[in-house]
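Comments concern the structure below.
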Amino acid sequence: MSAAETGRSANGLKIGLGAAAILLLVASAAMAADFGWTPDFNIAAQADPSGFRVRLATRFRIGDAQINAVLSNIPDPADAYIVLRLGEMSHRPPEYVIERYKGGKKKGWGALAKSLGIKPGSKEFHALKRGHDLSDDGWGKGKEKDKGKGKGKKE
Numbered sequence: 065m066s067a068a069e070t071g072r073s074a075n076g077l078k079i080g081l082g083a084a085a086i087l088l089l090v091a092s093a094a095m096a097a098d099f100g101w102t103p104d105f106n107i108a109a110q111a112d113p114s115g116f117r118v119r120l121a122t123r124f125r126i127g128d129a130q131i132n133a134v135l136s137n138i139p140d141p142a143d144a145y146i147v148l149r150l151g152e153m154s155h156r157p158p159e160y161v162i163e164r165y166k167g168g169k170k171k172g173w174g175a176l177a178k179s180l181g182i183k184p185g186s187k188e189f190h191a192l193k194r195g196h197d198l199s200d201d202g203w204g205k206g207k208e209k210d211k212g213k214g215k216g217k218k219e
């Protein structure tokens with residue numbers, strides 16, 4: 065192989081790696097956009113950990129032992145909320161969802177939901193992607209408001 069061919073080969077490799085990096089960034093941004101409410105949610109929960117625990121207990125009707133089990137196994141508050149919500153949606157205990165989360169988190173929330181029998185395209189899962197259902201007073205973006213629905217109209 066000549067020096068010119070080696071140079072072209074190296075340039076082709078660099079271009080291929082650059083394209084792969086761009087695709088990875090675009091995919092990561094798209095995945096983050098699906099659950100775009102989570103950064104604000106994490107900030108609010110970390111600013112008021114006891115309030116967050118009370119909200120979880122009230123929303124999911126669980127006690128301190130289950131809250132401790134989830135929060136000691138899940139690094140981010142928003143992820144803990146999503147794990148509890150996926151457990152509720154799939155009618156599975158939090159411990160079961162935590163094990164699935166640990167084994168497949170890198171695959172994404174859609175893959176985890178699917179492994180739990182939840183259709184990633186379902187109305188319920190799309191609502192979770194848009195926001196949480198804890199009260200909105202300072203807790204991230206919460207659920208997005210449905211636009212285009214007038215007052216008094218039934219869904």
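Under this note's numbering, the final residue of the sequence shown carries the number 219; numbering is consecutive throughout. We put the CB at the ideal spot given by N, CA and C, even for glycine.
### Query
Considering only residues of the stretch 91-160, which uninterrupted alpha helix (DSSP H) runs meet the minimum length of 4 residues and lie entirely inside it, listed in chain order?
102-111, 113-124, 128-137, 141-154
### Task
Decide if Gly127 is buried, meaning its Cβ has at least 16 other Cβ atoms within 10 Å, or exposed.
exposed
### Message
So for Gly185, helix, strand or coil by DSSP?
### Response
coil
### Task
Taking Leu176 as part of the alpha helix (DSSP H), name the residues at either end of that continuous run.
173-179
### Task
Would you mind giving the Cβ-Cβ distance between Asn132 and Ile162, rounded to the nearest angstrom? I have them listed as a contact below 8 Å.
So it is not a contact: roughly 12 Å between Cβ atoms.
### Task
Counting only the same chain and skipping the five closest in sequence on each side, list residues whose C-beta sits under 6 Å from that of Arg117.
Excluding positions up to five away in sequence, the list reads Ile131.
### Query
CB His196 to CB Tyr145, shorter than 8 Å?
yes
### Message
Are the CB atoms of Asn106 and Ala129 within a distance shorter than 8 Å?
### Response
no
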